[in-house]
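Undergrad:
Number of protein chains: 2
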Amino acid sequence: MKYIEKLRNSGLRPTKQRLQICEVLFNNKETFHFTINNLAKKIKKSLNAKISLATVYNTVHAFEKKGYLKKISINTDQTFFDTNTTDHHHFYDLNEEKLIDIKNSDVGPIKILKKIEGKKIKSVEVLVKLED
Amino acid sequence: MKYIEKLRNSGLRPTKQRLQICEVLFNNKETFHFTINNLAKKIKKSLNAKISLATVYNTVHAFEKKGYLKKISINTDQTFFDTNTTDHHHFYDLNEEKLIDIKNSDVGPIKILKKIEGKKIKSVEVLVKLED
DNA sequence: AATCTTATTTATAACGATTCTAAAGAACTG
DNA sequence: CAGTTCTTTAGAATCGTTATAAATAAGATT
């Protein structure tokens with residue numbers, strides 16, 4: 387069980403539910419984007435397990451806090467998460483309401499010429515909205 | 387009343403409430419960021435009027451649709467609006483939970499090297515998160 | 001101005017996403 | 001195994017937002 391150690395090392399007990407969610411989230415060739423509801427359905431299908439919605443919330447937030455997931459900002463009512471935790475950017479397709487990754491190397495270097503006294507930059511995220 | 391024509395030209399009836407909200411939103415030297423709750427309080431103080439929360443929502447959304455306000459994406463539970471509708475970017479101060487504008491000219495040109503078949507770029511927004 | 005029509009406001013109910021709660025169950029420690 | 005702590009769970013509670021339907025105001029028509 388490849389996730390047991392990873393969880394334990396993060397101070398999270400490797401429970402059955404967490405391990406199952408790990409399977410769904412991290413046992414893929416490609417990273418992907420999801421909403422909580424989205425993920426809850428995926429879990430119900432992918433495994434034939436019923437994990438309580440509260441647990442899905444708990445787990446996703448725990449994983450986010452540990453840095454295994456990233457929350458993504460789009461001005462919509464939906465909250466998206468990303469299993470790709472590396473620095474990168476996004477397209478947001480306004481018609482299909484879907485996210486698409488943009489590799490860092492596919493965005494020219496971004497120079498922020500303005501500085502704020504006493505603050506340092508934690509991240510720079512580019513969101514490119516697409517329409518037909 | 388300087389907003390009456392503006393509203394009428396947008397197909398919005400210049401009601402007392404809308405005109406009052408226009409005062410609060412657009413009668414300022416500087417543009418600013420706000421949340422709905424935020425704005426509702428400001429209205430209650432600035433003017434001594436009590437506008438129904440539903441009307442504040444309606445009006446803000448109407449103004450947004452007409453392009454007089456911009457919604458801003460940050461991954462937090464709060465929905466921000468901006469009275470600055472020109473193309474620009476933002477700092478988000480994670481500690482103070484506050485937005486700061488970045489003029490377009492303070493961000494070097496952004497090259498998006500990836501293209502999506504059949505889609506065109508509607509906007510490019512940069513969000514720079516700040517910490518202490 | 002009186003009347004008609006349509007848009008707007010309003011309080012409140014309804015909603016959906018998320019969080020909280022407290023009890024039951026599972027994981028860890030010695 | 002016994003004791004402790006963490007996790008899961010269903011359901012209640014909460015929060016921001018949207019829908020509802022009646023009252024009101026604006027605009028158009030006469």
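Each protein sequence line maps, in turn, to chains A and B. Counting with my numbering, you get residues 387 to 518 for the letters of the first sequence. Counting with my numbering, you get residues 387 to 518 for the letters of the second sequence. Using N, Cα and C, we set each Cβ at its ideal position, and we do this for glycine too.
Listed in chain order, which residues of the region 465–477 of chain B have Cβ atoms closer than 7 Å to some Cβ of chain A?
TA: Listed by position, the residues of the region 465–477 of chain B near chain A (Cβ gap below 7 Å) are Phe-477.
Undergrad: Could you tell me which chain A residues have their CB closer than 9 Å to the CB of B/Gly-504, listed as they occur along the chain?
TA: Under the 9 Å cutoff, chain A gives Asp-518.
Undergrad: Mind pulling the chain B residues with CB within less than 7 Å of A/Asn-461?
TA: Lys-457, Ile-458, Ser-459, listed in chain order.
Undergrad: Can you tell me which of the three DSSP states B/Phe-418 falls into?
TA: Looking at B/Phe-418 - three-state DSSP - the assignment turns out to be coil, as it is neither helix nor strand.
Undergrad: Helix, strand or coil, according to DSSP, for A/Ile-437 in the structure here?
TA: Of the three classes helix, strand and coil, the one that applies to A/Ile-437 here is coil, per DSSP.
Undergrad: Report back the beta-carbon spacing between A/Ile-407 and A/Ile-390 to the nearest angstrom; my notes put them in contact at under 8 Å.
TA: Not really, about 13 Å apart at Cβ, beyond 8 Å.
Undergrad: Note down, in chain order, each residue of its chain lying with its Cβ closer than 7 Å to the Cβ of A/Arg-394, except the 5 sequence neighbours on either side.
TA: The residues are Pro-400.
Undergrad: Rounded to the nearest angstrom, what separates B/Gly-504 and A/Glu-517 at their Cα positions?
TA: Going by the C-alpha atoms only, they are around 9 Å apart.
Undergrad: By how many angstroms is the C-alpha of A/Asn-434 removed from the C-alpha of A/Thr-462?
TA: Looking at the two C-alpha atoms, the distance is approximately 31 Å.
Undergrad: Are the region 493–503 of chain B and the region 494–508 of chain A touching, with three or more C-beta to C-beta distances below 8 Å?
TA: Yes, since at least three Cβ pairs between the region 493–503 of chain B and the region 494–508 of chain A fall closer than 8 Å, the two stretches touch.
Undergrad: For the candidate residues B/Phe-449, B/Ala-426, B/Glu-450, B/Lys-431, whose alpha-carbon lies nearest to that of B/Leu-439?
TA: The residue with the shortest Cα to Cα distance from B/Leu-439 is B/Ala-426.
Undergrad: Take A/Gln-403 as the anchor and find which of A/Ala-448, A/Asp-492, A/Lys-506 has the nearest alpha-carbon.
TA: For A/Gln-403, the nearest C-alpha among the options comes from A/Ala-448.
Undergrad: Within 10 angstroms of the Cβ of B/Asp-473, are there 16 or more other Cβ atoms? Answer buried if so, exposed if not.
TA: Answer is exposed; the Cβ neighbour count stays below 16.
Undergrad: Is it true that the CB of A/Val-514 sits closer than 7 Å to the CB of B/Ile-507?
TA: Yes; because the gap between Cβ atoms is below 7 Å, this pair is in contact.
Undergrad: For B/Lys-506, write down the residues that DSSP places opposite it in a beta bridge.
TA: In DSSP, B/Lys-506 forms a bridge with A/Glu-517.
Undergrad: What residues from chain B crowd round A/Gly-494, counting only those whose CB sits closer than 9 Å?
TA: Within chain B, the residues near A/Gly-494 are Gly-494, Pro-495, Ile-496, Lys-497, Ile-498, Leu-499.
Undergrad: Given A/Thr-441, which residues of its chain have a CB within under 6 Å of its CB, disregarding the five upstream and five downstream residues?
TA: Gln-403.
Undergrad: Measure from the C-beta of B/Ser-396 to each C-beta in chain A and report whether the shortest distance is under 7 Å.
TA: With 7 Å as the cut-off, B/Ser-396 does not count as an interface residue toward chain A.
Undergrad: In the DSSP assignment, what are the bridge partners of B/Ile-496?
TA: BP columns for B/Ile-496 are empty, so no partner.
Undergrad: Would you kindly work out how many angstroms separate the C-alpha atoms of A/Thr-421 and A/Lys-484, rounded to a whole number?
TA: Distance between the alpha carbons of A/Thr-421 and A/Lys-484 is about 11 Å.
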